Structures are given as C-alpha cells and as structure tokens.
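Asker: My questions will all concern the structure given below.
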Amino acid sequence: MEFEAFRNKKIKVGEYVLMIIPATMEYAKEIFKIVSQDEKNMIFWMPDGLFESPEHVLVSYYKRNLGTRTMLFGIFKDNKLLGEIGFSNIMQKSGKVDIGYWLRKSARGKGIINKLMPRIEKMAFEQDWCHKIQLHCDAKNIASKTIAEHNGYTLEGVIRQDSKWPNGSIRDKLYFGKLKSEWKK
Ligand SMILES: CC(C)(COP(=O)(O)OP(=O)(O)OC[C@H]1O[C@@H](n2cnc3c(N)ncnc32)[C@H](O)[C@@H]1OP(=O)(O)O)[C@@H](O)C(=O)NCCC(=O)NCCS
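FYI, our numbering numbers position 123 of the sequence shown as 124, with every residue one higher than the one before it.
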C-alpha cells in the first residue's frame, strides 16, 4: 500500500487498532491528563517540554495531522486510547524514517510495543524508498533501549550531551538503526 494511504486507515493488529488520533477536544483532554499525570516518563517522549494545557495538545495534534513529516497512530484497545506508535520523522528523500512510541502508564509492561513493531516496520520497509528505520532514545530510557535491542536494532552511536531538558538536565542519546536488508519479513 502507498505510504500516505495508511493515514486514513484503521489498522488491526491482533486485539489492537492503530488509527491517527483525531484532533478533537475530547482526545486533547485525555492526552493532557495522561501526560501531566506521568511527567517523569513522558519527558522521554517530549524532551523539548510537555503540554501546557489541553488546548496546547489540540493545536499540536491539529498541526501534526496537517503535515506529512510524522505519521503517529493512536493505539486503541476496546476503543480505549493506550498510546501512540508510528513515524515521528519521515525523511522520504533520504530514504529513512524514525520510529517513535509511548504508552499510558497502565498499558506498560505488557509487551504492547513489541507486538506492534513488526507491523509498523512492514509499513515502512514495503516502500521502495525506505532503506532504513532509525530509533533514538535517551541513554537512561531503559524500556525504549530494551525495545530497540529486542527488535533487532543495532546501536550505531551514543551522542553525548545531545540535548537539554527544560529542567536543565543534559542528556546523552542512543542512536539505533535497522536496515531493510536486516529486516525479516
Ligand atoms: C517506552 C515505553 C512505550 C515502553 O513500554 P512497554 O512496551 O510496555 O515496555 P516495557 O515496560 O515492557 O519495557 C520493555 C522492556 O524493558 C524492560 N525494562 C523496562 N524498564 C526497565 C528498567 N527500569 N530496568 C530494567 N529493565 C527495564 C522491561 O522488563 C521489558 O523487558 P522485556 O522485553 O525483556 O520484557 C513506555 O515505557 C513509555 O511509554 N515510556 C514513556 C515514553 C517513552 O519513553 N517513549 C519512547 C521515547 S524513545
């Protein structure tokens, strides 16, 4: 399927449904609640700063849904929003995508991202233009680092003092990658 077409689809993966989260106030309030109740972990997903209000979420998702740079799918089970997974940076000209994900606290520890990764990888690698998937995470994000390793990503580098969190903490970043030639269909 053509890459952009996934944007309008509901994708079933076992008991989960992947679907772009509509930019509505209802979802904005829910996402704001999830993020603000778990700042300690969600800062890994939003290292430039967390949402300030539901309105901030709404504008951010609205803008995101207009663009073609990202394609992040809400992860739903029984119509409940559990998190997101997808492409946080699509670099079609250079043939690469960055993969990203987060889960609400109550959905963690069940292997959900590991279950969904193969489907997300397939979306990218089935495109002729995509030769590589990248996965970046904070050096102290053990859960994300373990997901990269579990899914066969190679650690390509540690970028020291790559970023600074709003609280002033200076962070090292791990750069993982998987090549199309390493992908097991
Ligand atoms: C990253 C995230 C989605 C992972 O959630 P998950 O898929 O439920 O992953 P788990 O909690 O099962 O953790 C994955 C693995 O890391 C291990 N792990 C997690 N935290 C750990 C810790 N502090 N020490 C050692 N191992 C740890 C788990 O045991 C699991 O190992 P396994 O696959 O061998 O069972 C979730 O932690 C999250 O939403 N974090 C906040 C946002 C975020 O960091 N997003 C990614 C940005 S790069």
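Every residue gets a Cβ at the ideal spot worked out from N, C-alpha and C, and that includes glycine. In this text, all values refer to a predicted model and were calculated from it rather than measured experimentally.
Assuming H57 is part of the alpha helix (DSSP H), what are its boundary residues?
Answerer: 55–67
Asker: According to the neighbour-count rule (16 or more other Cβ atoms, all chains shown, within 10 Å of its Cβ), is L156 buried or exposed?
Answerer: By the 10 Å Cβ count, L156 comes out exposed.
Asker: Quick check on E40: buried or exposed, where buried means 16 or more other Cβ atoms within 10 Å of its Cβ?
Answerer: exposed
Asker: Just grab the DSSP bridge partners of G158 for me.
Answerer: G158 pairs with Y176.
Asker: If you compare alpha carbons, which of Y176, G158, K116 is closest to V14?
Answerer: K116
Asker: Can the beta-carbon of K30 be found less than 7 Å from the beta-carbon of P55?
Answerer: Between K30 and P55, the CB-CB gap stays under 7 Å.
Asker: Looking only at DSSP bridge pairs, what is M92 linked to?
Answerer: M92 is bridged to K97.
Asker: Give every residue of the same chain whose Cβ lies closer than 7 Å to the Cβ of F7, excluding the five residues on either side of it in the sequence, and list them in chain order.
Answerer: The answer, listed in chain order, is M72, M124.
Asker: Can you list, in chain order, the residues of its chain whose CB lies under 6 Å from that of R65, leaving out five sequence neighbours each side?
Answerer: T71
Asker: Which residue wins for smallest C-alpha separation from Y176, given the options P167, T147, K186, N168?
Answerer: T147
Asker: Tell me, which residues are paired with I21 by DSSP?
Answerer: F74
Asker: Can you have a look at H137 and say buried or exposed, based on whether 16 or more other CB atoms are within 10 angstroms of its CB?
Answerer: When all chains shown are included, H137 counts as buried.
Asker: I'd like to confirm something about A144: is its beta-carbon nearer than 6 Å to some heavy atom of ligand 1, or not?
Answerer: Correct: A144 has its Cβ closer than 6 Å to ligand 1.
Asker: Taking the beta strand (DSSP E) that H151 belongs to, which residues open and close that run?
Answerer: For H151, there is no enclosing beta strand (DSSP E); the residue is part of the alpha helix (DSSP H) that begins and ends at 143–151.
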